[in-house]
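Numbering (full-length UniProt numbering), first residue to last: 1 to 687.
Where a beta carbon is used, it is the ideal one built from N, C-alpha and C, also for glycine.
Note that the coordinates shown come from a computational prediction; the quantities given were computed from them, not determined experimentally.
Data block below; observations after.
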Amino acid sequence: MTTPPRSLDRLIRPRSIAVFGGKEARRVIEQCDKMGFAGEIWPVHPREDQILGRRCYRSVADLPNAPDASFVGVNRALTIEIIRDLAARGAGGAVCYASGFREAASELADGNDMQEALVAAAGDMPIVGPNCYGFINMLDGALLWPDQHGMLSVERGVAILTQSSNIACNISMQTRGLPLAYVMTAGNQAQTGLSDIACAVLEDPRVTTVGLHIEGFDSIEALERLATRARELRKPVVTLKVGKSEAARLATVSHTASLAGNDRVSSALLARLGIGRVDTLPELLETLKLLHLHGPLESADISSMSCSGGEASLMADAGVRRMVNFRPLREEQRQPLKESLGEMVTIANPLDYHTFVWGNRDKQTAAFTAMMKGDYALNLIVLDFPRLDRCDAEDWVTTCEAVIASAKATGAVAGIVASLGENMPEATALSLMAAGVVPFNGIDEALAAAETAAEIGAAWARPAPLPLLKVRAEAGDAVTLTEAEAKAELLEAGVEVPRGETAATAEEAADTAEALGFPVVLKGLGVAHKTEAGAVKLNLASRDEVYAAATAMAAVASGYLVEKMIAKPVAELIIGAMRDPVAGPVLTIGAGGILVELLDDSAILTLPTTEKAILEAIDSLKIRKLLDGYRGGPKGDVAALARTVAAAASYVVANASKLDELDINPIMVLPEGQGAIAVDALIRRRK
1 MTTPPRSLDR
11 LIRPRSIAVF
21 GGKEARRVIE
31 QCDKMGFAGE
41 IWPVHPREDQ
51 ILGRRCYRSV
61 ADLPNAPDAS
71 FVGVNRALTI
81 EIIRDLAARG
91 AGGAVCYASG
101 FREAASELAD
111 GNDMQEALVA
121 AAGDMPIVGP
131 NCYGFINMLD
141 GALLWPDQHG
151 MLSVERGVAI
161 LTQSSNIACN
171 ISMQTRGLPL
181 AYVMTAGNQA
191 QTGLSDIACA
201 VLEDPRVTTV
211 GLHIEGFDSI
221 EALERLATRA
231 RELRKPVVTL
241 KVGKSEAARL
251 ATVSHTASLA
261 GNDRVSSALL
271 ARLGIGRVDT
281 LPELLETLKL
291 LHLHGPLESA
301 DISSMSCSGG
311 EASLMADAGV
321 RRMVNFRPLR
331 EEQRQPLKES
341 LGEMVTIANP
351 LDYHTFVWGN
361 RDKQTAAFTA
371 MMKGDYALNL
381 IVLDFPRLDR
391 CDAEDWVTTC
401 EAVIASAKAT
411 GAVAGIVASL
421 GENMPEATAL
431 SLMAAGVVPF
441 NGIDEALAAA
451 ETAAEIGAAW
461 ARPAPLPLLK
471 VRAEAGDAVT
481 LTEAEAKAEL
491 LEAGVEVPRG
501 ETAATAEEAA
511 DTAEALGFPV
521 VLKGLGVAHK
531 TEAGAVKLNL
541 ASRDEVYAAA
551 TAMAAVASGY
561 LVEKMIAKPV
571 AELIIGAMRD
581 PVAGPVLTIG
591 AGGILVELLD
601 DSAILTLPTT
611 EKAILEAIDS
621 LKIRKLLDGY
631 RGGPKGDVAA
641 LARTVAAAAS
651 YVVANASKLD
661 ELDINPIMVL
671 PEGQGAIAVD
681 ALIRRRK
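Here's what the structure looks like:
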């Protein structure tokens, strides 16, 4: 499934709808009537003469025309028959409500076969599902949706897509002021996946941004297509990616797979494509609000104001967990802030403006305007509303009016943040949205939105990414090269390795060491985890020491590798590659040596990569502090490290069809100008 079978326009924006089935089909008609759908609705039922005042037809063949969209709410066997008839009639597409297909394969022996039969019956007619509720289109009042929902008609808004019908139902009930244009489900994604549906709704000029709740990627090609079109249309896409890949993992003999992990690969993949990622449903909704009103942010610089030191502290602490920057105030902002707030207020960011100006619209407007003139990407004002059923919110309304006036006067992006999400009344959220001010439900959610919007902005500012490396793995058993064989291949690819030679016996190993010059390292060949097996000895300074060491490890080794000892490095890193079942070959770089898992400090590069991406990955590591000369220590040769990573990446790309795993650990990064050397390497590939 790499391209949409046919345009989804007729299906998702229909002028005629056919409904098949009993109570679910009846509910679809009720929902369309309730929302004022202006097109034709044709019920199909074998016995009823009419449903809700509409004539019933007996079959697809009896319909007046080929319907644009069909809701098929019958059992799974009959679903296949109806889909076949609709496809033959030239229908625009259908929602398959029934379950009992691939999602039930563990309970129903024919589940997979039934799903394959359904896809075959559809041919090139788009189908959504099976095992899904369908969709809600509140722009046109077209609902192929057999249940209640909480949405209102809108003229423009966001589209949210999910595999889960229940999640879609929950989202439809939100009271956060988010204008929902489409809520759509994909179910099993048997033929049409979330990314293809997202591409279709993205083309609607009334849609501003798209949110995806993803349990599993349907098609990398479709996801790339979506990211490309989103960038072209300047309509951001945000994902809530959950779960782990169900694809079986190959047994690994290196650290690389444990460092990468499918979820981290997903994050790297989405970041490459410029698609935002959040962790919770509230974060998804709050991020979509910001993007709907203002699009991606130009930077992660934000300001915060509140009338409480406690709120300012909460905001500052929450910022530590996010990639946002409470940039210090500019000098020209300080005097206007002091003039409006008084001498007793400490001018800072986040700023506690106390209650001296509470209820004073003019002074609040002056203070908020001074802050918003600081050229921050986003300006936040913390404001929790009182209960409207028991309290008077007049002064809170005054503050909102001041924020709106300041945002209009400066052209700045502004948001009002309720520290407790439930303290933002829906009516207030809607009025703020109408005025162009983002109503944020929760501090953490607001900062998640800022972080995500800034990440998308940064991604769009870079050149569009190269197409992902897509190479089918060759058949055949996997074999593990000896360390010597692996290093020989890497050396040819441009990875620097220690000078060394192999030896078959202890005597030859001692002779080789003398020829290389001491000190040397002795390693046993054919041993995966050498340190644990006692098959590596460092800093051997004489022929006798080499001979004794080789004799001791003869029981576990099938030969020896003798290499020159490398000087003490500034830092040790790991470079690894593995074949992810979704993203294909990916490269990992991180803190290496014996601390590789303990430090858990790594970055993932999807392939092919660029020099800029490699340097950004290196800069993101905690171990970068060592490379910069930690506490007066020498600086590491970062340029040589980057060249080594680039060479390893090129090797992986060139051998992608047969490479299962690469593990270079450690890379010894020497002081500036002295290089980066791979002192151990493992390659596992198909014969």
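- Contact annotation: Leu-270 and Thr-228 have beta-carbon atoms that are not nearer than 8 angstroms.
- For Arg-229, there is no enclosing beta strand (DSSP E); the residue is found in the alpha helix (DSSP H) stretching over 220 to 233.
- Note that the C-beta distance between Ala-222 and Val-210 is not below 8 angstroms.
- By the Cβ neighbour-count rule, Val-320 is exposed, with fewer than 16 other Cβ atoms within 10 Å of its own.
- Taking a C-beta distance under 8 angstroms as the contact criterion, Phe-385 and Asn-349 do not qualify as a contact pair.
- Here Trp-396 carries a helix assignment [DSSP, helix/strand/coil].
- In terms of Cα proximity to Glu-298, the closest of Pro-282, Phe-356, Ala-453 is Ala-453.
- Per DSSP, reduced to three states, the secondary structure at Glu-203 is coil, with no helix or strand assignment.
- In the DSSP assignment, Glu-661 forms a beta bridge with Met-578, Arg-684.
- 8 angstroms or more divides the Cβ of Val-536 from the Cβ of Lys-687.
- Each residue's CA atom was taken as its position, placing Val-582 and Arg-272 some 14 angstroms apart.
- Using a 10 angstroms sphere on the CB of Lys-470, the tally of other CB atoms stays under 16, which defines it as exposed.
- From the listed residues Asn-131, Phe-368, Arg-334, Ala-66, the smallest Cα separation to Glu-103 is found for Asn-131.
- Taking the CA atoms as reference points, Tyr-97 sits about 54 angstroms from Arg-643.
- For the pair Ala-159 and Gly-415, the Cα-to-Cα distance works out to about 22 angstroms.
- Counting C-beta pairs closer than 8 angstroms gives three or more between the stretch 150 to 159 and the stretch 174 to 187, which meets the contact rule.
- One thing to note: Lys-612 has its Cβ no nearer than 8 angstroms to the Cβ of Glu-474.
- Our two residues, Ala-200 and Glu-283, have alpha carbons roughly 24 angstroms apart in a direct line.
- For Ala-533, the closest alpha carbon among the candidates Gly-524, Asn-539, Ala-541, Leu-540 is that of Gly-524.
- Around the beta carbon of Ala-649, 16 or more other beta carbons lie within 10 angstroms, which makes this residue buried.
- The beta carbon of Met-151 is closer than 8 angstroms to those of Ile-136, Met-138, Ser-172, Leu-180, Val-183 in its chain, skipping five residues each way along the sequence.
- Pairwise C-beta distances place the stretch 669 to 682 in contact with the stretch 626 to 637, as three or more of them are shorter than 8 angstroms.
- For Met-305, DSSP records a beta bridge to Leu-351, Ile-381.
- Collapsing the DSSP output to three states places Gln-31 in a helix.
- Residue range 165 to 172 is occupied by the alpha helix (DSSP H) that includes Asn-170.
- For the stretch 328 to 375, the continuous alpha helix (DSSP H) assignments of 4+ residues that do not extend past its boundaries occur at 331 to 341, 361 to 372, in sequence order.
- Ser-406 sits in a helix when the DSSP states are folded into three classes.
- With 16 or more other CB atoms across the displayed protein chains lying within 10 angstroms of its CB, Met-371 is buried.
- According to DSSP, Thr-185 shares a beta bridge with Thr-162.
- When DSSP assignments are scanned along the stretch 415 to 494, the uninterrupted stretches of alpha helix (DSSP H) that are 4 or more residues long and fall wholly within it turn out to be 426 to 434, 443 to 461, 483 to 493.
- With a contact defined as Cβ atoms closer than 8 angstroms, Ala-656 and Ile-667 miss out at about 21 angstroms.
- Shown here, Met-668 sits in a strand according to DSSP, grouped into three states.
- Each of Val-207, Leu-293, Glu-422, Thr-606 was checked against the Cα of Ala-268, and the nearest Cα belongs to Thr-606.
- Sequence-distant Cβ neighbours of Gly-633 in its own chain, meaning closer than 8 angstroms and more than five residues away, are Val-570, Leu-626.
- When the five nearest sequence neighbours on each side are left out, the beta carbons in the same chain lying within less than 7 angstroms of the beta carbon of Ala-87 are those of Ala-121, Ala-122, Gly-123, Met-125, in order along the chain.
- Shortest Cα-Cα distance from Ala-434 to any of Ala-647, Val-645, Lys-289 involves Lys-289.
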